[in-house]
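All residue numbers for the sequence shown refer to numbering that gives the first Met the number 0, where the first residue is 0 and numbers rise by one. To start, the structure itself, in structure tokens.
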Amino acid sequence: MRLLYAIGMGGLYCLMWCASLFNVKAKKWITGRKTPVTDFKIPENKQTVWFHCASLGEFDQGLPVMFAYKERFPDAFLVVTFFSPSGMEFYNKRHHCVDLACYLPLDTASNARKFIAHFKPKDVFFVKYEFWYNHLLAAKRSGSKVYGVSSLFRPTHRFFKWYGGFFRSALRLFDHFYVQDQRSKDLLAGIGIHQTTLSGDTRYDRMIAVRDKGDSNEILADFTYGKPTLILGSSWPVDEDTLLTSLLELHKRMKIIIAPHDISEQHISAIAALFGNEVVRYTNYVSSPENQVLILDTIGQLTSAYRYATIAYVGGGFTGKLHNILEPGAFGIPVIFGPKHERFPEAQLFLDREVAVEVTDSGELEELVSQLLKRKTEIAEELKLIFQENSGAAKKVVAGLKD
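Structure representation (structure tokens):
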């Protein structure tokens with residue numbers, strides 16, 4: 000199986016190289032990995048800790064643990080690796096404590112040995128998903144302690160299938176898993192992995208920190224001033240198309256902020272054309288009483304925008320790729336999302352606690368918005384409780400580490 004895995008890694012690289020000829024993201028994936036690992040300098044008197052995050056979302060999830068780790072071990076040299084270009088491009092837009100960030104080398108045995116030999120990490124943290132076998136094996140053989148943070152497992156994962164022996168062997172390289180839910184803990188126990196702690200989702204800690212930081216935004220404050228505001232956060236085209244009829248009605252009586260997942264000029268122009276003279280882009284904002292729709296045509300403003308909204312529709316629920324509903328939840332505003340959210344336990348929690356509702360077609364949106372606005376004070380109080388109950392995951396992780 001290891002031979003097949005090695006062949007698969009070679010196939011992945013070939014696939015990405017071919018795609019890089021016409022795809023910008025694939026090109027960044029290839030070129031970003033050309034820097035030899037030995038070019039990255041480490042202070043001689045520092046002990047390295049390594050966090051791996053697939054992309055920006057996992058980086059946000061890992062940040063509370065990084066800060067807590069730095070607080071306990073202030074002299075640690077914190078290295079973060081990313082699989083995806085979006086993590087490398089945008090992590091610096093976050094308030095962070097990272098000393099060095101780079102792409103994770105392709106997961107070959109040779110690359111992994113070189114990476115671990117160079118950085119010599121004392122502790123290794125893999126955030127949520129992605130379990131790169133060769134890097135895990137090299138870290139374990141070098142004497143590093145290996146931890147899973149905010150790990151989340153489902154019965155459909157290959158680790159729990161009859162053919163998953165090789166993939167299960169990667170999980171057995173971990174010294175401890177800090178899991179998000181009881182189901183994950185039970186699934187791991189079912190394959191003989193008992194070194195687990197039910198710590199919860201570190202994103203709650205992350206969003207509490209963002210909320211309490213209190214960053215302001217003059218453009219968003221001006222646009223939303225004195226008006227109820229609906230925000231579409233990280234909306235996909237299917238979200239926008241499904242809800243279009245209601246949006247064309249709702250924008251007549253409330254402000255609307257649209258933060259599309261796709262911020263290409265073609266897509267932004269298509270959205271803007273729907274609302275005529277009542278739409279304005281964030282990047283060329285001019286205050287006007289005619290402004291009813293604001294398009295966030297840039298990266299990095301969505302979390303701030305939730306602070307100024309009255310109600311949020313979070314995208315991805317029609318594709319099974321629901322965006323982070325904890326972002327609006329942290330600011331105490333009701334949440335709406337599409338029907339495909341089985342992979343996201345926080346979605347079911349929000350539904351059970353009646354702070355969120357599910358929408359299946361455009362005809363429902365107007366009525367749902369009206370209902371949620373009537374309950375906004377009650378929902379804000381319930382969301383405050385939810386975040387209080389689920390905070391502290393990062394401290395649980397770091398408390399379990401040895402000096």
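Even for Gly, the Cβ is constructed at its ideal location relative to N, Cα and C. Predicted, not measured: the structure shown is a model, and the values here were computed from it.
Using a Cβ-Cβ cutoff of less than 7 Å, which residues in the same chain neighbour residue i once the five nearest sequence positions on both sides are dropped?
i	result
ARG361	With the sequence shown as reference, residue 361 is identified as Ser, and Arg is not the correct amino acid for it. Hits under 7 Å: THR241, LEU242, LEU243, THR244, SER245.
ALA220	TYR307
HIS322	GLY232, SER233, VAL313, GLY314, GLY315
ILE29	MET15, TRP16, SER19
ARG436	Limits of the chain in this structure are 0 at one end and 402 at the other, which puts residue 436 out of reach.
PHE21	none
SER183	SER150, LEU151, PHE152
GLY7	none
PRO42	PHE76
So residue i and residue j are supposed to be a Cβ contact under 8 Å. How far apart are they, rounded?
i	j	result
VAL354	VAL368	The Cβ separation is near 15 Å, so there is no contact.
TYR307	THR223	4 Å
VAL313	GLY232	5 Å
THR201	GLN60	5 Å
VAL145	VAL126	With a Cβ gap of about 12 Å, VAL145 and VAL126 do not count as contacting.
PRO227	THR309	4 Å
ASP106	TYR132	7 Å
GLY163	ARG157	5 Å
PRO236	ASP261	7 Å
Could you tell me which residues DSSP pairs with residue i in its beta bridges?
i	result
GLN46	ALA75
HIS175	TYR146
ALA311	ILE230, VAL334
LEU187	Paired residue(s): none; LEU187 is not in a bridge.
TYR407	Because the chain spans 0 through 402 in this model, residue 407 falls outside it and cannot be assessed.
ILE255	LEU229, VAL292
CYS52	PHE81
ALA355	VAL334
LEU197	VAL178
ARG205	ARG205 is not bridged to any residue.
VAL279	LEU293
Report the rounded CA-to-CA distance for residue i versus residue j, giving the unit in angstroms.
i	j	result
PHE386	LYS395	16 Å
LYS40	LYS24	26 Å
SER143	VAL209	31 Å
PRO84	TYR128	16 Å
THR155	TRP161	11 Å
PHE82	ARG252	43 Å
VAL178	VAL278	43 Å
ILE192	ARG171	7 Å
THR318	ALA108	35 Å
ASN44	ALA138	20 Å
LEU11	ASP211	42 Å
ASP174	GLY399	11 Å
ARG140	ARG93	33 Å
HIS46	ASP98	Strictly speaking, residue 46 in this sequence is Gln, with His absent from that position. Cα to Cα, GLN46 sits roughly 12 Å from ASP98.
ALA5	THR80	21 Å
GLY225	LEU350	29 Å
ALA116	PHE176	24 Å
GLY56	ASP185	25 Å
PRO63	GLY9	35 Å
ASP38	HIS95	23 Å
LEU348	ARG342	12 Å
VAL48	THR34	20 Å
ILE207	ASP74	26 Å
Between residue i and residue j, is the Cβ-Cβ spacing less than 8 Å?
i	j	result
VAL78	PHE118	yes
GLY331	LYS383	yes
GLU289	ASN276	yes
ILE270	ILE294	yes
THR297	TYR284	no
ASP180	SER390	no
PRO120	VAL36	no
ALA272	SER234	no
PHE152	LEU197	no
ARG32	TYR90	no
LEU136	ALA100	no
PHE50	MET65	yes
ALA169	PHE130	yes
ALA392	GLY199	yes
GLU248	GLU365	yes
ARG71	VAL397	yes
LYS254	GLN291	yes
ILE190	PHE166	no
VAL408	LEU372	No statement about residue 408 is possible, as the shown extent of the chain runs from 0 to 402 and does not include it.
Should residue i be listed as close to the ligand SAH, given that the test is whether its C-beta is under 7 Å from any heavy atom?
i	result
MET65	Only the bare structure without any ligand can be found here, which leaves the ligand SAH out of the picture.
Which same chain residues end up closer than 8 Å to residue i when comparing Cβ atoms and leaving out the 5 residues on each side of it in sequence?
i	result
ALA304	ASN216, LEU219, ILE230, GLY232, ILE256, ALA258, LEU295
SER287	VAL279
Could you pull out every residue in the same chain whose Cβ sits closer than 6 Å to the Cβ of residue i, ignoring the five residues on either side in sequence?
i	result
HIS440	The structure shown does not extend to residue 440, since the chain is modelled only from 0 to 402, so the question has no answer here.
SER54	SER83, SER85, GLY86
PHE58	CYS52, GLY86, TYR90
ILE378	PRO333, VAL354
PRO327	TYR305, ALA311, VAL334
PRO344	ASP180
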